[in-house]
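According to the working numbering, the sequence shown is numbered sequentially starting from 66.
Here a beta-carbon is modelled for each residue, glycine too, at the ideal position from N, C-alpha and C.
Here is the structure we will look at, set down as structure tokens.
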Amino acid sequence: MKIQLLGTGAADGIPGLFSRDAISTYAREHGGREVRSRSAAVVDGILKIDLGPDTFHQVAKFGLCPMDWKALFFTHSDDDHIEEKEIQYALFPFTEEDHLGFTIFGNSVVSGIIRSRYPDWPLDIVETTSFTPLRFAEYEVTPIVANHIPGEDCHNLLFARDGKSLLYATDTGFWSEETFEFLVGKALDVLVLECTDGVHESTYEGHLNLRTFYETIERLHKSGAVTSNTKVASTHHSCRGGMRHCDLDSELSGKGIIAGYDGLILEI
66 MKIQLLGTGA ADGIPGLFSR DAISTYAREH GGREVRSRSA AVVDGILKID LGPDTFHQVA
126 KFGLCPMDWK ALFFTHSDDD HIEEKEIQYA LFPFTEEDHL GFTIFGNSVV SGIIRSRYPD
186 WPLDIVETTS FTPLRFAEYE VTPIVANHIP GEDCHNLLFA RDGKSLLYAT DTGFWSEETF
246 EFLVGKALDV LVLECTDGVH ESTYEGHLNL RTFYETIERL HKSGAVTSNT KVASTHHSCR
306 GGMRHCDLDS ELSGKGIIAG YDGLILEI
């Protein structure tokens, strides 16, 4: 399997859309990996994760064709992860297609948003729930519950194929015991984990900072979910986290962790 991180920024991206903070200013001046679009990814070029407001920019930048997608998986309903208005451009009159070429998977909130906007459109929407695995082509995909939006079954996504597995975990917050227990012994080949708040300590529990990012990885090490062979990368970084990409890379590389950036490809 292969996962490409198309975006690795948090809700306002880096540079922050309306921000003049030091991290945003540095990103504007230096460009490259310092610039982060809103978080999204694609597995094997065909399983798309989230459809945020930077989708057009991302597919154009990386030379991707969304008509190659076979499935679209949503993690949750935050605006930086679902821009449902973009779905219309896959169908007539914007294309010659009269049916969507990919199945949409999302929790009850996400599914409701899409059905409300397109009540009579030919969309294949599958409602997902945490810890209920589903089969799609040769993949087994298991949503696991994230600690993010109260009252919503927010998902992190575990993909498995041919004995290999990867966990895409953005907007996790610090997981509940139920999630940690589910992952015991899973021996992940790839873990992509959010580190939204960087060095910032926040009272909001729906995101990780550097301290809780390390705590999460340590818990996963102790449970056998992360091993010496697991490729670990970060994602979903905010300018409010106080870390440039160069700072993050310096901090994480010494611990064998990859500082995620837009375009990063991880293969197993």
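Item: Complete runs of the alpha helix (DSSP H) confined to the region 217 to 256 [at least 4 residues]; Value: 242 to 247
Item: Stretch pair the region 258 to 267 + the region 294 to 312: three plus CB contacts closer than 8 Å; Value: yes
Item: K67 and D109 closer than 7 Å at C-beta; Value: yes
Item: Alpha helix (DSSP H) runs wholly inside the region 193 to 219, at least 4 long, in chain order; Value: none
Item: Complete beta strand (DSSP E) runs within the region 277 to 316 (minimum length 3 residues, chain order); Value: 296 to 300
Item: Element boundaries [beta strand (DSSP E), containing I330]; Value: 330 to 332
Item: Alpha carbon of F159 to alpha carbon of Q123, nearest angstrom; Value: 19 Å
Item: Whole beta strand (DSSP E) elements within the region 77 to 142, 3-residue minimum; Value: 105 to 108, 112 to 114, 136 to 138
Item: Counted within 10 angstroms of its Cβ, other Cβ atoms place I330 as buried (16 or more) or exposed; Value: exposed
Item: Residue span of the alpha helix (DSSP H) that contains G177, given as start and end; Value: 173 to 182
Item: For Y269 and S241, the rounded distance between their alpha carbons; Value: 15 Å
Item: Residue from K296, D327, H301 with nearest C-alpha to S318; Value: K296
Item: Bridge-paired residues (DSSP) for Q69; Value: V107, I330
Item: Three-way DSSP call (helix, strand, coil) for L188 in this model; Value: coil
Item: DSSP state of I322 mapped onto helix, strand, coil; Value: coil
Item: Straight-line Cα distance separating I214 from A298; Value: 23 Å
Item: Cβ-Cβ distance between L253 and L232 below 7 Å; Value: yes
Item: Cβ neighbours of I322 in the same chain (closer than 6 Å, five flanking residues each side left out); Value: V297
Item: Y326 classed as buried or exposed, judged by whether at least 16 other C-beta atoms fall within 10 angstroms; Value: buried
Item: Bridge partner(s) assigned by DSSP for G74; Value: R103, H302
Item: Beta carbon of R93 nearer than 7 Å to that of G74; Value: no
Item: Span separating the alpha-carbon of R276 from that of A87; Value: 21 Å
Item: Proximity below 7 Å, CB of F167 to CB of L137; Value: yes
Item: Cut-off 8 Å between Cβ atoms - residues of its own chain near H301, not counting five sequence neighbours on either side; Value: T73, G74, A75, S104, T235, D236, E259, C260, T261, H272
Item: Beta-carbon proximity list for G328, same chain, < 8 Å, skipping 5 on both sides; Value: Q69, L70, L71, K126, F127
Item: Where N274 falls, given that 16 or more other Cβ within 10 Å makes a residue buried; Value: buried
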